[in-house]
Ligand code: ACO
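Residue numbers (the numbering used here): 24 to 401.
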């Protein structure tokens, strides 16, 4: 059967899924049918993770068991800590995270993906341990000791405490928790698709998540949040925004944190993240990066409105993390801390009706070429 080639598989469904949905025209994002705005206002990252994994909001008893399970699996083995210690400080934390998650799989049984009970514990372990790994990588690349998790703290507060070795202000923990909800899932994006391809081979979930982490790293996907802050720093002040945009677009460059394959309006996650910026800066003082970003959004509209290109999720998130004093290179790993929930939800869904991904290609090369001996080649 002949098929049209769609570069980037744009418009080609790769799965049937009941996990999340995007209406790119209206700017609506739902997880399991619930609008992300409602989840940000009322839920927590762990409750949202439960919703994504199991398809419904948990009753109190189930939520408390899930939160306890995650809380009690946050620690990482000393061999994983040693492994992280051995990695070069100059390496990107996303690479360290990918290596450590792949290594995690060697410590836990996960190969029999038909064992539903074991799948639950794999999901719990990954959601629990990825933040600990990210914090350990962040500290050890600067020569600091790993800070173990603190069981009395919630998910986001504990992550910040492991990062800074001190308990964060409540508002920071709340804002980070909302950021994690916003990054937890987003339909058939590149990293989810990468994970699904791996899942379809019946590989274990640690390998699935390691595949997704690799795909998330790139600057066209999760890596854009780091690039946004780099760009804002390069611009330096609001008065230089127009000249920067002129120059960039004249040379066919892209503004990082703008544009999306699906959204034709401003990404609803960017709207919420911008509100979080304002909440954070009202209490903890202004951020020069935010002022540049707001001006950039205004100026970019003159050029990009016609193409329906608007800020995406990566545009404002880094500004929040920067204000909290988090290193730029940790922005994408923090994205991964959240997206693990979505990746695992897709992994479990894929297993229910698995078929190996094996797409076709359109061969564009030659046939019947002679093998030329090496001394006759030119
Ligand atoms: N700045 C300027 N122009 C842009 C931008 C941008 N950020 N994004 C797209 N365009 C333009 C392209 O130059 C192109 O113009 P043309 O038709 O005149 O040649 C047109 O819009 C279509 O762009 P594509 O790259 O083909 O669109 P695609 O759907 O493949 O790309 C993508 C989506 C990769 C996100 C793109 O918008 C981009 O590169 N953005 C910057 C990186 C970024 O922010 N990535 C994060 C996305 S969200 C996430 O993954 C979590």
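Just so you know, even glycine gets a beta-carbon here, dropped at the ideal spot from N, CA and C.
Proximity to residue i [Cα-Cα], best of the options
i: residue 236; options: 56, 248, 355, 158; result: 355
i: residue 204; options: 359, 118, 389, 83; result: 359
i: residue 52; options: 129, 206, 114; result: 206
i: residue 310; options: 331, 252, 183; result: 252
i: residue 126; options: 214, 234, 182; result: 234
i: residue 50; options: 379, 335, 390; result: 335
i: residue 248; options: 135, 178, 158, 349; result: 349
i: residue 106; options: 269, 94, 151, 156; result: 156
i: residue 200; options: 219, 212, 306, 344; result: 344
i: residue 377; options: 303, 57, 225; result: 225
i: residue 211; options: 178, 28, 32; result: 32
i: residue 369; options: 27, 28, 34, 39; result: 39
i: residue 79; options: 43, 93, 48; result: 43
i: residue 45; options: 387, 282, 209, 118; result: 209
i: residue 164; options: 218, 322, 120; result: 120
i: residue 96; options: 178, 337, 197; result: 178
i: residue 149; options: 99, 159, 108; result: 99
i: residue 41; options: 194, 54, 280, 159; result: 54
i: residue 228; options: 130, 388, 111, 35; result: 130
i: residue 271; options: 287, 327, 109; result: 327
i: residue 379; options: 389, 213, 218, 364; result: 218
i: residue 266; options: 319, 375, 58, 374; result: 319
i: residue 222; options: 135, 167, 284; result: 135
i: residue 304; options: 196, 347, 142, 158; result: 347
i: residue 216; options: 395, 373, 388, 28; result: 373
i: residue 161; options: 191, 114, 195; result: 114
i: residue 139; options: 87, 76, 396; result: 76
i: residue 27; options: 385, 190, 180, 195; result: 385
i: residue 333; options: 202, 291, 281; result: 281
i: residue 246; options: 268, 81, 357; result: 357
Residue i beta carbon near ligand 1 (any heavy atom closer than 6 Å)
i: residue 335; result: yes
i: residue 266; result: no
i: residue 282; result: yes
i: residue 332; result: yes
i: residue 277; result: yes
i: residue 169; result: no
i: residue 359; result: no
i: residue 41; result: no
i: residue 244; result: yes
i: residue 247; result: yes
Inter-residue CB distance, residue i and residue j (contact presumed, cutoff 8 Å)
i: residue 340; j: residue 278; result: Actually they do not touch by this definition, with Cβ atoms about 15 Å apart.
i: residue 342; j: residue 261; result: The Cβ separation is near 14 Å, so there is no contact.
i: residue 116; j: residue 352; result: 5 Å
i: residue 175; j: residue 159; result: About 20 Å separates the two Cβ atoms, so there is no contact after all.
i: residue 232; j: residue 147; result: Incorrect: roughly 13 Å between the Cβ atoms, too far for contact.
For the segment 156–222, list the alpha helix (DSSP H) runs that are entirely contained and at least 4 residues long, ordered along the chain.
178–187, 193–206, 213–222, all fully within the segment 156–222.
Please go through the segment 227–277 and give each complete alpha helix (DSSP H) segment of 4 or more residues, from N-terminal end onward.
Unbroken alpha helix (DSSP H) stretches of 4 residues or longer found wholly inside the segment 227–277: 228–239, 247–258, 264–273, given in chain order.
Where are the beta strand (DSSP E) runs, 3 residues long or more, that stay fully inside the segment 48–122, in chain order?
The qualifying runs are 51–54.
Please list the segments of the alpha helix (DSSP H) lying wholly inside the segment 274–327, counting only runs of 4 or more residues, in order along the chain.
Runs found: 291–307, 311–327.
Could I get the ranges of all uninterrupted alpha helix (DSSP H) runs contained in the segment 344–380, with 4 residues as the minimum, in chain order?
Counting whole runs of 4 or more residues, the segment 344–380 contains the alpha helix (DSSP H) stretches 354–375.
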